[in-house]
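**Q** One structure is given below, represented as structure tokens, and several questions about it will come after.
In this note's numbering, the protein residues as written are 112 to 194.
Next comes the structure, spelled out in structure tokens:
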């Protein structure tokens with residue numbers, strides 16, 4: 112990510128989550144806000160319709176990277192807990 116590119120809302124939510132020193136259960140139960148989910152859904156629809164410019168593509172990429180990060184963190188927690 113370039114230094115001029117603003118992080119997407121989902122990364123802000125993840126940063127707030129980890130800054131709050133969450134328990135494993137709080138991390139496992141984390142879901143993006145309704146507003147963030149709606150934005151991701153909108154970006155995905157525009158992508159399907161071929162309507163993304165570079166800025167919107169970068170924003171969608173951030174949502175996908177954030178989802179991957181949280182899946183990996185949650186998988187690590189579950190593996191540690193033997194789930």
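For every residue, glycine included, the Cβ atom is placed at its ideal position computed from N, Cα and C.
All figures in this text were calculated on a predicted structure; none of them were measured in a lab.
Does the CB of residue 142 have a neighbour CB from chain C at under 8 Å?
**A** Annotation note: the requested chain C is absent from the structure, which comprises a single protein chain.
**Q** Could you have a look at residue 185 and say whether DSSP puts it in helix, strand or coil?
**A** Helix, per DSSP.
**Q** Going by other Cβ atoms of all chains shown within 10 Å of its Cβ, with 16 needed for buried, is residue 74 buried or exposed?
**A** The structure shown does not extend to residue 74, since the chain is modelled only from 112 to 194, so the question has no answer here.
**Q** To which residues of the same chain is residue 153 closer than 8 Å at the C-beta, ignoring the five residues directly before and after it?
**A** Closer than 8 Å at the Cβ level, and outside the excluded window around residue 153, lies no residue.
**Q** Is it true that the CB of residue 173 sits closer than 8 Å to the CB of residue 141?
**A** Cβ atoms of residue 141 and residue 173: not closer than 8 Å.
**Q** Within a Cβ cutoff of 6 Å, which residues of the same chain sit near residue 137, ignoring the five residues on either side of it in sequence?
**A** Taken in chain order, the list of residues that qualify is empty.
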